[in-house]
Amino acid sequence: MKILIIGGGGHARVVADILRAMDGMEPLGFITSDLDPGEVGPMGLPVLGSDAAVGSIPHDGLVVAVGDNRIRERLFTDFAAQGETLVNAIHPSAVIAPDVVMGRGCMVCAGAIVNTGTVIGDNVILNTGSVTDHDCQIQDHVHVAPGAKLAGGVRIGSGVLVGLGAAVLPGVVMGDRAVAGAGAVVLGDVVPGLTVVGVPARPKT
Ligand code: JB2
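Residue numbers (our numbering): 47 to 251.
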């Protein structure tokens, strides 16, 4: 499949690398307004234009490869509404149990592990080396950052960021758009929109 990468930053390059490692996926180039169309962009892939150009470029699908959850949600929603095919980019070194259910437009980076019984929504990033243990429920537009760990039965609401190296203990519920800061150890439920930091994690003041 010929795939457009929406974004042109660090995460877009990670996704380009994933697509190149996958069988049957061919990254065509980056869609970004930060770089001039026609330029050779990162990793030798072309800069193809901004979002308005997508409709005029022949392609089979796209991945919204932007780390910021709100921007990624907006772009995912817009492109889905236009009838675009949002594909999953899954690095071959990721370990995903066969019964895991995953939506569309997800990015599972190198070395990520997802265990049995877990259900993942749309447009989710499970970043490099993250661990999502058994029976987790992860809603849409979530980012589990590199090295973060979700224990069994964790429930993660829409648009949540689990920061670099954070750990979420078994059965904890993080409400929509909550944030666990880098290295936080989340022992109990987090209400929607709240940012918690530290060990044990407390509301950020
Ligand atoms: O509306 C948009 C838009 N808004 C921002 N349309 C398109 N097509 N692209 C958009 N972007 C793009 O997001 C910018 O053009 C830019 O290329 C990119 C943001 O790049 P940056 O390198 O700042 O962040 P990133 O999202 O690639 O990576 C972040 O998230 C990753 C998960 C960083 O924090 C990384 O360190 C992190 N690993």
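Cβ coordinates follow ideal geometry from the N, Cα and C atoms, glycine included.
Between which two residues does the alpha helix (DSSP H) containing residue i stretch?
| i | result |
| --- | --- |
| Ile-64 | 56 to 67 |
Using the beta-carbon count (16 or more within 10 Å), is residue i buried or exposed?
| i | result |
| --- | --- |
| Asp-179 | buried |
| Ala-191 | buried |
| Asp-186 | buried |
| Ala-127 | exposed |
| Thr-250 | The sequence given here has Lys at residue 250, not Thr. By the 10 Å Cβ count, Lys-250 comes out exposed. |
| Pro-73 | buried |
| Glu-85 | exposed |
| Ala-213 | buried |
| Gly-53 | buried |
| Val-278 | Here the chain has residues from 47 to 251 only, and residue 278 is not among them. |
| Val-141 | exposed |
Which residues bound the beta strand (DSSP E) around residue i?
| i | result |
| --- | --- |
| Thr-123 | Counting along the chain, Thr-123 falls outside any beta strand (DSSP E), though it belongs to the alpha helix (DSSP H) covering 115 to 127. |
| Val-250 | First, the residue type needs correcting, since residue 250 is Lys and not Val in the sequence shown. Note, Lys-250: premise wrong, no beta strand (DSSP E); not H, not E. |
| Thr-174 | Note, Thr-174: premise wrong, no beta strand (DSSP E); not H, not E. |
| Ile-77 | 72 to 77 |
| Ile-103 | Taken as a continuous stretch (DSSP letters only), Ile-103 belongs to no beta strand (DSSP E), as it is neither H nor E. |
| Val-93 | 93 to 95 |
| Leu-210 | Looking at the DSSP string, Leu-210 is not in any beta strand (DSSP E), and its letter there is neither H nor E. |
| Thr-241 | 241 to 243 |
With distances taken from CA atoms, which of the options is nearest residue i?
| i | options | result |
| --- | --- | --- |
| Pro-246 | Ile-77, Val-237, Asp-80 and Ala-226 | Ala-226 |
| Gly-87 | Val-147, Asn-173 and Phe-76 | Phe-76 |
| Pro-83 | Met-71, Ser-96 and Pro-73 | Ser-96 |
| Gly-151 | His-189, Leu-108, Ile-159 and Ala-140 | Leu-108 |
| Ala-111 | His-105, Ile-166 and Leu-132 | Leu-132 |
| Ile-171 | Ser-79, Ala-99, Arg-118 and Pro-104 | Arg-118 |
| Ala-194 | Ser-204, Asp-222 and Val-177 | Val-177 |
| Ser-204 | Gly-53, Arg-116, Ile-52 and Asp-106 | Arg-116 |
| Asp-63 | Met-153, His-189, Ile-166 and Gly-244 | Met-153 |
| Pro-238 | Asp-222, Val-141 and Gly-244 | Asp-222 |
| Gly-113 | Arg-59, Thr-241 and Leu-196 | Arg-59 |
| Ile-136 | Leu-65, Leu-91, Ser-102 and Glu-85 | Leu-65 |
| Asp-145 | Asp-181, Asn-169 and Thr-123 | Asp-181 |
| Gly-149 | Pro-138, Ala-143, Gly-167 and Ala-67 | Gly-167 |
| Val-156 | Asn-173, Val-147 and Asn-169 | Note that residue 156 corresponds to Ala in the displayed sequence, not to Val. Taking only the C-alpha atoms, the option nearest Ala-156 is Asn-173. |
For residue i, would you say it is in contact with chain B, using Cβ-to-Cβ distances shorter than 8 Å as the test?
| i | result |
| --- | --- |
| Val-245 | This model lacks chain B altogether, as it is built from one protein chain only. |
Closer than 8 Å is the cut-off here; do at least three beta carbon pairs connect the region 217 to 232 with the region 196 to 203?
Between the region 217 to 232 and the region 196 to 203, the count of Cβ pairs shorter than 8 Å is three or higher; the stretches touch.
At least 3 beta-carbon pairs within less than 8 Å: the region 48 to 67 vs the region 157 to 167:
The region 48 to 67 vs the region 157 to 167: no contact.
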